[in-house]
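Input: a single structure, listed below in C-alpha cells.
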C-alpha cells in the first residue's frame, strides 16, 4: 500500500492506483471529461482533456489525475488557484470551437461540458475566431454524429477500441481540426461499427 496526501487528507491506496482513484477514495471530487472508469480493465487512459489536472508537490508541471500513478508519500493539491486557472483555460479552449446552443441542445442540461462552464463561470469563450463546420453524419441507422459538438475527449474512440474491439473510429487530422473519423474518413455506415 502507498501513502498519499490529497488536500491535507491522508489515505493508503494499492500500487498502480491513479491520483483520481485516491481522491475518489477520500471523497475529493476532481472533474473529468475524457476519463472512463471501465478503461482501467483494458489499461487505457486517454488523459486527453486535461480537466483533471492537479498539483503534485515537487513537480513543476500540473499532472492529469486520471493517468498519473500515485507514488509513496506523494502530496497532491486539487483546489489551488493554479489548478483552477488551468482547468478554466482548458474549458475555455473547448468552448472556442463548440456551438453555444445549450438552450436547444439535445442533452437538455445533462452535459459535463455545460457543468464545467458553470463551475468555471464561462458563458462564452475568450478565444473567438475560426470554428469547424462539419456536416451532420446520419448515415448510421441507430445514431447520428454531430462533430461540431465534439470536444476531442476520445471517449468514443476508447470505448470502440477497448470494449467493442472494432476499431471502427479513430482520430483524423491534427491540431484544430482533430476529430473522430471512420477509416478513410468514410461515413459510419461504411465502418465496422456494431451499433
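Numbering (my numbering), first residue to last: 7 to 201. By construction, the Cβ of each residue, glycine as well, lies at the ideal position given by its N, Cα and C atoms. The structure displayed is predicted, hence computed values, not measured ones.
Residue i - DSSP class collapsed to helix/strand/coil
i           : result
residue 130 : coil
residue 8   : strand
residue 165 : helix
residue 19  : strand
residue 173 : coil
Residues bridged to residue i [DSSP beta-bridge criterion]
i           : result
residue 106 : Paired residue(s): none; residue 106 is not in a bridge.
residue 178 : 185
residue 60  : 69
residue 24  : 75
Buried or exposed (CB count within 10 angstroms, at least 16 for buried), residue i
i           : result
residue 48  : Confidence at residue 48 is low in this model, with a pLDDT of 49, below 50, so its placement is unreliable and the value that follows should be read with caution. So residue 48 counts as exposed.
residue 140 : exposed
residue 144 : exposed
residue 78  : exposed
CB of residue i within 9 Å of CB of residue j, strictly
i           : j           : result
residue 31  : residue 11  : no
residue 101 : residue 128 : yes
residue 84  : residue 13  : yes
residue 173 : residue 166 : yes
Euclidean distance between Cα positions of residue i and residue j
i           : j           : result
residue 3   : residue 175 : Absent from the structure is residue 3, since the part of the chain shown begins at 7 and ends at 201.
residue 71  : residue 191 : 32 Å
residue 20  : residue 93  : 28 Å
residue 193 : residue 39  : 26 Å
residue 199 : residue 149 : 11 Å
residue 152 : residue 142 : 5 Å
Residue i: CB within 8 Å of a non-hydrogen atom of the ligand ATP
i           : result
residue 148 : Absence of the ligand ATP from the depicted structure is noted, as is the absence of any ligand whatsoever, leaving it without description.
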